[in-house]
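Participant: For the sequence shown, my numbering assigns the number 352 to the last residue and increments by one with no breaks.
Each residue gets a CB set at the ideal place from its N, CA and C atoms; glycine is no exception.
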Amino acid sequence: MTQPSFDTIVRNTLPQLVATSPKAELHLHIEGTLEPELIFALAQRNGVTLPYADVEALRAAYAFTDLQSFLDLYYAGCNVLRTEQDFFDLAWAYFERAAADHVVRVEPFFDPQTHTDRGIGFDVFMPGFIRAAEKAKQDLGLSCDWIMCFLRHLSEEAAFETLEASLPWRGHFIGVGLDSSEKGHPPEKFARVFARAGELGLRRVAHAGEEGPPEYVKSALDVLGAERIDHGVRSAEDPALMQRLAHEQVPLTVCPLSNVRLCVFPDLAQHNLPQLLDAGLCITVNSDDPAYFGGYVNENYLQLVHAQPQLKASHFYGMLRNSLQASFAPEADIARWQEALDVHWKAAAAH
Ligand code: HPA
Ligand code: ZN
Numbered sequence: 002m003t004q005p006s007f008d009t010i011v012r013n014t015l016p017q018l019v020a021t022s023p024k025a026e027l028h029l030h031i032e033g034t035l036e037p038e039l040i041f042a043l044a045q046r047n048g049v050t051l052p053y054a055d056v057e058a059l060r061a062a063y064a065f066t067d068l069q070s071f072l073d074l075y076y077a078g079c080n081v082l083r084t085e086q087d088f089f090d091l092a093w094a095y096f097e098r099a100a101a102d103h104v105v106r107v108e109p110f111f112d113p114q115t116h117t118d119r120g121i122g123f124d125v126f127m128p129g130f131i132r133a134a135e136k137a138k139q140d141l142g143l144s145c146d147w148i149m150c151f152l153r154h155l156s157e158e159a160a161f162e163t164l165e166a167s168l169p170w171r172g173h174f175i176g177v178g179l180d181s182s183e184k185g186h187p188p189e190k191f192a193r194v195f196a197r198a199g200e201l202g203l204r205r206v207a208h209a210g211e212e213g214p215p216e217y218v219k220s221a222l223d224v225l226g227a228e229r230i231d232h233g234v235r236s237a238e239d240p241a242l243m244q245r246l247a248h249e250q251v252p253l254t255v256c257p258l259s260n261v262r263l264c265v266f267p268d269l270a271q272h273n274l275p276q277l278l279d280a281g282l283c284i285t286v287n288s289d290d291p292a293y294f295g296g297y298v299n300e301n302y303l304q305l306v307h308a309q310p311q312l313k314a315s316h317f318y319g320m321l322r323n324s325l326q327a328s329f330a331p332e333a334d335i336a337r338w339q340e341a342l343d344v345h346w347k348a349a350a351a352h
């Protein structure tokens, strides 16, 4: 059955409609949800001295010029995460915010090496993450499966060690990803460890085409077997790649506020998301590291509504639907969420 276009929905009702729609968040680093207030609270709890006087001073340091300038602060912030309870508190705070944004499904990334390299093992962070996700399911009805990321500025050998250390926790995450500094660290560097992850039955995703060239998007697909591309916005520089992404309907997890904060685009009005949609790509909207980039997933949608007047109601409906479709949730759950989305939008269109 074809959907109504929904373009009769008047624009000023869009923010509320989008905000209250069921949606999936597919590009979210749990360590990137560490709010300045929680950094200070955990520093106090754990006796860690911070190089900032207060929350405002820390927030003032969030003036990034590129990906690396952000990563330096993001990894430094993680230093306050020490105990299982810290990781629980981090994840639980995010889940409450996600549920408030009508997120029904989330597949958060976590970065083991950021913690194991500080002497904090899987036996510390995994129980915290697992307990928070169980509570989110129970109390908030939120569906969650974790994705373990390898840090691409480190070696493939280190990634293999991480995969090995994760095996006792194999039942508690569904896939692997690739993040951190992109330029100079092409997907090919991790070909063998991704192949091994595939043999283990893990789903595969990878950051590509955020700061790196379109070639990295191609090799993430062809060499790593990535099923989704995280960011992927620089694909627009390669017409043949754009045709392929449209033809294969490879989901791109686009993070508009992140791209602006990290200077991938000068402002939201100049973000190429409309171009990606016009080319027929499967685009989703996500928040990446919301504590650092100025907003959780609904804020990303809402700022797009305001900054990109050429985007129609049907574009937003399509991206919400894509988020559910591109998730790794069981088919029956996806069908149920999409049905709820349709009911919500048809009711709005009828007014
Ligand atoms: N890109 C690469 N690595 C990251 C990001 C990102 O946007 N966020 C957290 N780690
Ligand atoms: Zn990311």
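I need the boundaries of the beta strand (DSSP E) containing residue 230, first residue and last residue.
Facilitator: Here the beta strand (DSSP E) through residue 230 covers 229–232.
Participant: Would you check if the distance between the CB atom of residue 104 and the CB atom of residue 26 is smaller than 7 Å?
Facilitator: Going by C-beta atoms, residue 104 is nearer than 7 Å to residue 26.
Participant: Between the alpha carbons of residue 107 and residue 320, how many angstroms are there, rounded?
Facilitator: Their backbone Cα atoms lie some 15 Å apart in a straight line.
Participant: Could you check if residue 15 is buried or exposed, using at least 16 other CB atoms within 10 Å of its CB as the buried criterion?
Facilitator: buried
Participant: Got a sec? Which residues, its chain only, sit under 6 Å from residue 266 by beta carbon, not counting five neighbours each side?
Facilitator: Close CB contacts of residue 266 within its chain, under the 6 Å cut and outside five residues either way in sequence, are with 260, 272 (chain order).
Participant: Which residues share a DSSP beta bridge with residue 177?
Facilitator: Answer is 149, 205, bridged to residue 177.
Participant: Taking the beta carbon of residue 2 as the centre, do at least 16 other beta carbons fall within 10 Å, making it buried, or is it exposed?
Facilitator: The predicted position of residue 2 is uncertain, since its pLDDT is 48 and thus under 50; a value taken from the coordinates is nonetheless stated next. Classification of residue 2: exposed, given that the 10 Å Cβ count is below 16.
Participant: With three or more C-beta pairs closer than 8 Å as the rule, is the stretch 328–344 touching the stretch 299–309?
Facilitator: no
Participant: Which one or two residues does DSSP pair with residue 144 in a beta bridge?
Facilitator: 106
Participant: If distances are taken between C-alpha atoms only, which option among 188, 203, 98 comes closest to residue 213?
Facilitator: 188
Participant: Could you say which of 175, 262, 196, 161 lies nearest to residue 222 if we only look at CA atoms?
Facilitator: 196
Participant: Does the beta carbon of residue 6 fall short of 6 Å from some heavy atom of the ligand HPA?
Facilitator: no
Participant: Express the C-alpha separation of residue 98 and residue 33 in angstroms, rounding to a whole number.
Facilitator: 13 Å
Participant: Mind the definition here: the stretch 77–86 touches the stretch 110–123 only if three or more C-beta pairs lie below 8 Å; say whether that holds.
Facilitator: yes
Participant: Using only the alpha-carbon positions, how far apart do residue 286 and residue 324 sit?
Facilitator: Cα to Cα, the separation comes out at about 7 Å.
Participant: If you draw a straight line from the alpha carbon of residue 184 to that of residue 243, how long is it in whole angstroms?
Facilitator: 21 Å
Participant: Does the beta-carbon of residue 55, which I'm using as the reference point, lie nearer than 6 Å to any heavy atom of the ligand ZN?
Facilitator: no
Participant: At a cut-off of 6 Å, is residue 236 close to the ligand HPA when judged by its beta-carbon and the heavy atoms of the ligand?
Facilitator: no
Participant: For a minimum of 4 consecutive residues, which ranges assigned as the alpha helix (DSSP H) are wholly contained in the stretch 64–136?
Facilitator: 68–78, 85–101, 113–117, 123–136
Participant: As a quick exercise: from 284, 142, 68, 316, pick the residue whose alpha carbon is nearest that of residue 211.
Facilitator: 68
Participant: Could you name each continuous alpha helix (DSSP H) segment of 4 residues or more that falls completely within the stretch 263–290, going from the start of the chain to the end?
Facilitator: 274–279
Participant: What's the gap between the Cα of residue 246 and the Cα of residue 269?
Facilitator: If you draw a straight line from the Cα of residue 246 to the Cα of residue 269, it comes to about 23 Å.
Participant: Going by beta-carbon coordinates alone, are residue 29 and residue 288 separated by less than 7 Å?
Facilitator: yes
Participant: Residues bridged to residue 25 by DSSP?
Facilitator: 106
Participant: Tell me whether residue 367 is buried or exposed, calling it buried when 16 or more other Cβ atoms sit within 10 Å of its Cβ.
Facilitator: Not covered by the structure: residue 367. The range shown for the chain is 2 to 352.
Participant: With a threshold of 16 other CB atoms inside 10 Å of the CB of residue 352, please say whether the residue is buried or exposed.
Facilitator: exposed
Participant: For residue 165, count neighbouring C-beta atoms within 10 Å of its own C-beta (all shown protein chains included) and say buried if the count is 16 or more, exposed if not.
Facilitator: exposed
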